[in-house]
Amino acid sequence: MALEEEEESQNAPFCVLDGLFCEEESEFHEQVDLCDESVEKFPFLNLGLSDHDMLWDDDELSTLISKQEPCLYDEILDDEFLVLCREKALDWIFKVKSHYGFNSLTALLAVNYFDRFITSRKFQTDKPWMSQLTALACLSLAAKVEEIRVPFLLDFQVEEARYVFEAKTIQRMELLVLSTLDWRMHPVTPISFFDHIIRRYSFKSHHQLEFLSRCESLLLSIIPDSRFLSFSPSVLATAIMVSVIRDLKMCDEAVYQSQLMTLLKVDSEKVNKCYELVLDHSPSKKRMMNWMQQPASPIGVFDASFSSDSSNESWVVSASASVSSSPSSEPLLKRRRVQEQQMRLSSINRMFFDVLSSSPR
Amino acid sequence: MGDGSSSRSNSSNSTSEKPEWLQQYNLVGKIGEGTYGLVFLARTKTPPKRPIAIKKFKQSKDGDGVSPTAIREIMLLREISHENVVKLVNVHINFADMSLYLAFDYAEYDLYEIIRHHRDKVGHSLNTYTVKSLLWQLLNGLNYLHSNWIIHRDLKPSNILVMGDAEEHGIVKIADFGLARIYQAPLKPLSDNGVVVTIWYRAPELLLGSKHYTSAVDMWAVGCIFAELLTLKPLFQGAEAKSSQNPFQLDQLDKIFKILGHPTMDKWPTLVNLPHWQNDVQHIQAHKYDSVGLHNVVHLNQKSPAYDLLSKMLEYDPLKRITASQALEHEYFRMDPLPGRNAFVASQPMEKNVNYPTRPVDTNTDFEGTTSINPPQAVAAGNVAGNMAGAHGMGSRSMPRPMVAHNMQRMQQSQGMMAYNFPAQAGLNPSVPLQQQRGMAQPHQQQQLRRKDPGMGMSGYAPPNKSRRL
Chain A
16 MALEEEEESQ
26 NAPFCVLDGL
36 FCEEESEFHE
46 QVDLCDESVE
56 KFPFLNLGLS
66 DHDMLWDDDE
76 LSTLISKQEP
86 CLYDEILDDE
96 FLVLCREKAL
106 DWIFKVKSHY
116 GFNSLTALLA
126 VNYFDRFITS
136 RKFQTDKPWM
146 SQLTALACLS
156 LAAKVEEIRV
166 PFLLDFQVEE
176 ARYVFEAKTI
186 QRMELLVLST
196 LDWRMHPVTP
206 ISFFDHIIRR
216 YSFKSHHQLE
226 FLSRCESLLL
236 SIIPDSRFLS
246 FSPSVLATAI
256 MVSVIRDLKM
266 CDEAVYQSQL
276 MTLLKVDSEK
286 VNKCYELVLD
296 HSPSKKRMMN
306 WMQQPASPIG
316 VFDASFSSDS
326 SNESWVVSAS
336 ASVSSSPSSE
346 PLLKRRRVQE
356 QQMRLSSINR
366 MFFDVLSSSP
376 R
Chain B
39 MGDGSSSRSN
49 SSNSTSEKPE
59 WLQQYNLVGK
69 IGEGTYGLVF
79 LARTKTPPKR
89 PIAIKKFKQS
99 KDGDGVSPTA
109 IREIMLLREI
119 SHENVVKLVN
129 VHINFADMSL
139 YLAFDYAEYD
149 LYEIIRHHRD
159 KVGHSLNTYT
169 VKSLLWQLLN
179 GLNYLHSNWI
189 IHRDLKPSNI
199 LVMGDAEEHG
209 IVKIADFGLA
219 RIYQAPLKPL
229 SDNGVVVTIW
239 YRAPELLLGS
249 KHYTSAVDMW
259 AVGCIFAELL
269 TLKPLFQGAE
279 AKSSQNPFQL
289 DQLDKIFKIL
299 GHPTMDKWPT
309 LVNLPHWQND
319 VQHIQAHKYD
329 SVGLHNVVHL
339 NQKSPAYDLL
349 SKMLEYDPLK
359 RITASQALEH
369 EYFRMDPLPG
379 RNAFVASQPM
389 EKNVNYPTRP
399 VDTNTDFEGT
409 TSINPPQAVA
419 AGNVAGNMAG
429 AHGMGSRSMP
439 RPMVAHNMQR
449 MQQSQGMMAY
459 NFPAQAGLNP
469 SVPLQQQRGM
479 AQPHQQQQLR
489 RKDPGMGMSG
499 YAPPNKSRRL
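Read top to bottom, the protein sequences are chains A and B. Residue numbers for the first sequence follow the working numbering, beginning at 16 and rising by one. Residue numbers for the second sequence follow the working numbering, beginning at 39 and rising by one.
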């Protein structure tokens, strides 16, 4: 009931914006109804929004674009061992994400930290437990940066971890990761661009949530493939958004892609290459299975390398001694997740009004 | 004064040894103690010998790892650079006990002490130029933060520093970013149980249970600070109810409504959506509010630009509240006296300058935070320091915590933040000194079971003894 009232009170600014869009659009070109629910809408600088607010948007976008870190991941792509480490680490990270109901940005931050750390000099490939400890520290740090409630360090070690670490060991690794990454823990990610585009284009409210959810899901499903490391967040975001637009049949994906590439200042060749890779992952499971079969042999090598370093396991505590599950905290965290989802729904409805009114410029 | 050597603990178990990174500093003494740890004054040994505030982050409770507050403060300060924001010079890590030390440019003054000095010693208000300059610089720094999508979330006089050294004399520095948040993705609620801003400076939407922080919560706090600079006492001095996690604070709201009047739906359309407006409206209505009027409390002409600016900062509706950017364009800053870079001394002084006392320095507390048997004595000028020394609670700890320095390397500022060279065997494996260290560790009962930002609330009307200061 309260949500409905809130939605009604918030409809006014949307109606005004929609009206402005319709009026402007009819003046510039024919309307082409590509789908029933919504027509493609592109705001222009003279659209009726004040220069003040529009400049704020452009300023934010240019900041995001310029703050992207250069791609330094050739090391991973050229190293089969690192690719395998990464694959296993990300698989574990996503399992723990589901277990505790972390949001997508938390998982994405953890992956970012992991990738930056394993390409630094601090990552020691001769220690089989180093990869798991790194993943553990990175996920813990990401949760501290992004989540509201964070599990104990020991409680992170769920989902069939091969090694179990003491809390102090994890804390030392946390400090090592933090100092190695120079305490830069808030990188620009594709999600930054998803959020910006949603605020910029006036999709209808229920499409906003679905659009964002699909973009995030697709993003998390493809980043275990190390080939995507060669694309910048803006390129990756563009390819993903075009793919989701196509799946949702919201409008002409080609036109939308052109608009996005202009807006995000990305190279069309890179976007197309990235888009092809995204398609490789989405359409059928057969391609997925083919891709999964390729690392069959290296996995064997991976297992062998684990068993050959049994002497290093002496300092690892036994599972029964240190792992303490907290079943009571799980329902709370998952209940929290549901509440957040509901809050997001209401906050999305207020999104444009908030952005326009609370512009800091 | 040039001594700078740190005192050693008397404990027989002490194996304390100066960590390598500490060699570059001459320690002077303890200058403060906050929620998260001690603050020390030091000076760099290499010229120019500038004063440095070293803030130590206490060890988190076992099992929690690195403090989220430390992570946020450091990661945000690494991203920003502005004249009116405190500068993080270096980060030092002691891997032996996994404590963190943040080195800041030292600021001699803060607004809390300046206001208190005027209230207790000078006997009259700050001059117009100083108030305007302090506010102007605070807004400049805040506009920079908000332009970078950072909400401070704990603005209060003790977190607004003012520099004392010759180069930057009178320059305002916003400090303490442990509760700050990036709000780059406004789709997500930034809810930390709603209890974040110190209660006297907490915006009404937060008191009524809003889950969505905006930069407007910082502007409400600035309005409270502005009024406090004018009247020398907190504007809304409510008592915080700590019994529950309920963000609703009737007494604080009571203090606000008595001055600004009761909020209404037509002036604040989204008021009905706030959780505690519906739940507690009966409770609120039971109180009668004879609106004193803001102009009567701050003694400003209602038609003056100063009053207009203040009332726009203390607008109930966060969507209508003035922004930092808009405030900087306000007429108040365009009329004489124009604000200046040195908040204390105008380029053409019109009034006599006030000399503020320097911070008391406790030279009896060693770097570990232990106090020797001798009673603490502040080392500063005469009567003022003597009186203020009594106001600072010098708590002594029952058990010394010697610092065991292992695997430490100096981080050179000139070379940027170097990654720590980390020998795996020595670092990752539990070492014997660590075992001894654990046995002597202080209990941290105040730590939460799960990571939650503790509220910085105050109880009663007395200012806090352990006000967090750099």
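Positions of the beta carbon are idealized from the N, C-alpha and C atoms, including for glycine.
Inspect the beta-carbon positions of residue 125 of chain A and residue 154 of chain A and report whether they are closer than 8 angstroms. It is a contact, given that the beta carbons lie within the stated cut-off.
Quick check on residue 203 of chain A: buried or exposed, where buried means 16 or more other Cβ atoms within 10 Å of its Cβ? Buried, because 16 or more other Cβ atoms sit within 10 Å of the Cβ of residue 203 of chain A.
Selection from A/200, A/161, A/257 and A/94 that minimises the alpha carbon distance to residue 275 of chain A: When only C-alpha atoms are compared, the closest one is A/257.
Can you confirm whether residue 300 of chain A, when its beta carbon is compared against all beta carbons of chain B, has any partner nearer than 8 angstroms? Confidence at residue 300 of chain A is low in this model, with a pLDDT of 38, below 50, so the placement of that residue should be treated as unreliable; the coordinate-derived value is given next. Residue 300 of chain A does not count as touching chain B.
Beta carbons nearer than 7 angstroms to chain A: which residues of the region 118-145 of chain B have them? Result list: 129, 131, 133 and 136.
Between residue 201 of chain A and chain B, is any beta-carbon pair separated by less than 8 angstroms? Yes, residue 201 of chain A counts as interfacial toward chain B.
Going along chain B in order, which residues have a C-beta closer than 9 angstroms to the C-beta of residue 189 of chain A? Neighbours of residue 189 of chain A on chain B, chain order: 103, 104, 109 and 136.
Residue 57 of chain B classed as buried or exposed, judged by whether at least 16 other C-beta atoms fall within 10 angstroms: With 16 or more Cβ atoms within 10 Å of its Cβ, residue 57 of chain B is classed as buried.
Please report how far the alpha carbon of residue 159 of chain A lies from the alpha carbon of residue 109 of chain B, in whole angstroms. Cα atoms of residue 159 of chain A and residue 109 of chain B: separation of roughly 8 angstroms, rounded to the nearest angstrom.
Just to confirm my understanding: we take residue 200 of chain B, look at its own chain, exclude 5 residues before and 5 after, and list those with CB closer than 8 angstroms. What are they? Within the same chain, residue 200 of chain B has close Cβ partners 145, 146, 147, 148, 149, 152, 172, 208, 209, 210, 211, 381 and 382.
Nearest-angstrom Cα distance between residue 161 of chain A and residue 238 of chain A? It is roughly 19 angstroms from the alpha-carbon of residue 161 of chain A to the alpha-carbon of residue 238 of chain A.
Among A/236, A/149 and A/179, whose alpha-carbon lies nearest the alpha-carbon of residue 192 of chain A? Nearest of A/236, A/149 and A/179 to residue 192 of chain A, Cα basis: A/149.
Would you say residue 58 of chain B faces chain A, with C-beta separation under 8 angstroms as the test? At a cut-off of 8 angstroms between beta-carbon atoms, residue 58 of chain B makes no contact with chain A.
Residue 217 of chain B, DSSP secondary structure in three states: DSSP places residue 217 of chain B in coil when its eight states are reduced to three.
Compare the C-beta of residue 198 of chain A with all C-beta atoms of chain B and state if any pair is closer than 8 angstroms. For residue 198 of chain A, the answer is yes, since a Cβ of chain B falls inside 8 angstroms of its Cβ.
When you compare the CB positions of residue 293 of chain B and residue 316 of chain B, do they come within less than 8 angstroms of one another, or not? Between residue 293 of chain B and residue 316 of chain B, the gap from beta carbon to beta carbon reaches 8 angstroms or more.
Which of helix, strand or coil does DSSP assign to residue 58 of chain B? Correct three-state label for residue 58 of chain B: helix.
Considering only C-alpha positions, which residue in the set B/76, B/361, B/405 and B/70 is nearest to residue 259 of chain B? Of B/76, B/361, B/405 and B/70, the residue nearest in Cα terms is B/361.
Just how far apart, CA to CA, sit residue 159 of chain B and residue 268 of chain B? One alpha carbon belongs to residue 159 of chain B, the other to residue 268 of chain B, and they sit about 16 angstroms apart.
Under the three-state DSSP convention, the category residue 199 of chain A falls into: Residue 199 of chain A carries a coil assignment under DSSP once its states are collapsed to helix, strand and coil.
Residue 249 of chain A to residue 137 of chain B span [Cα, whole Å]: Between the alpha carbons of residue 249 of chain A and residue 137 of chain B lies a gap of roughly 37 angstroms.
So, residue 231 of chain A versus residue 113 of chain A, is the Cβ gap smaller than 8 angstroms? Contact flag unset, no.
Can the beta-carbon of residue 292 of chain A be found less than 8 angstroms from the beta-carbon of residue 243 of chain A? In contact: residue 292 of chain A and residue 243 of chain A (Cβ atoms closer than 8 angstroms).
Can the beta-carbon of residue 168 of chain A be found closer than 8 angstroms to that of residue 147 of chain A? For residue 168 of chain A and residue 147 of chain A, no; Cβs fall outside 8 angstroms.
Residue-level contact to chain D via CB, residue 167 of chain A, 8 angstroms cutoff: Going by chain labels, chain D is absent from the structure shown, which instead holds the protein chains A and B.
Under 8 angstroms Cβ-Cβ, which residues of chain A neighbour residue 397 of chain B? Close partners of residue 397 of chain B in chain A (Cβ separation under 8 angstroms) are lacking, with about 28 angstroms as the shortest Cβ gap.
Alpha carbon of residue 189 of chain B to alpha carbon of residue 198 of chain B, nearest angstrom: If you take the alpha carbons of residue 189 of chain B and residue 198 of chain B, they lie about 15 angstroms apart.
Please state whether DSSP places residue 341 of chain B in a helix, a strand or coil. In the three-state reduction of the DSSP assignment, residue 341 of chain B falls in the coil class, being assigned neither a helical nor a strand state.
Would you mind working out which of B/70, B/175 and B/116 sits nearest residue 378 of chain B, comparing C-alpha positions? That would be B/175, whose Cα lies nearest to the Cα of residue 378 of chain B.
What separation, rounded to the nearest whole angstrom, lies between the Cα atoms of residue 285 of chain A and residue 306 of chain B? The alpha-carbon of residue 285 of chain A is positioned some 48 angstroms away from that of residue 306 of chain B.
Which same chain residues, not among the five before or five after residue 169 of chain B, have their C-beta less than 7 angstroms away from its C-beta? 267 and 268, listed in sequence order.
Per DSSP, residue 142 of chain B forms a beta bridge with which residues? Per DSSP, B/91 and B/126.
For residue 357 of chain B, which option in B/66, B/330, B/251 and B/272 has the closest C-alpha, if you only look at C-alpha atoms? Looking at B/66, B/330, B/251 and B/272, the one whose alpha-carbon comes closest to that of residue 357 of chain B is B/251.
Mind checking if residue 116 of chain B is an interface residue toward chain A, Cβ cutoff 8 angstroms exclusive? Cβ-Cβ to chain A under 8 angstroms: yes for residue 116 of chain B.
Does the beta-carbon distance from residue 215 of chain B to residue 115 of chain B come in below 8 angstroms? Yes, the Cβ-Cβ distance between residue 215 of chain B and residue 115 of chain B is below 8 angstroms.
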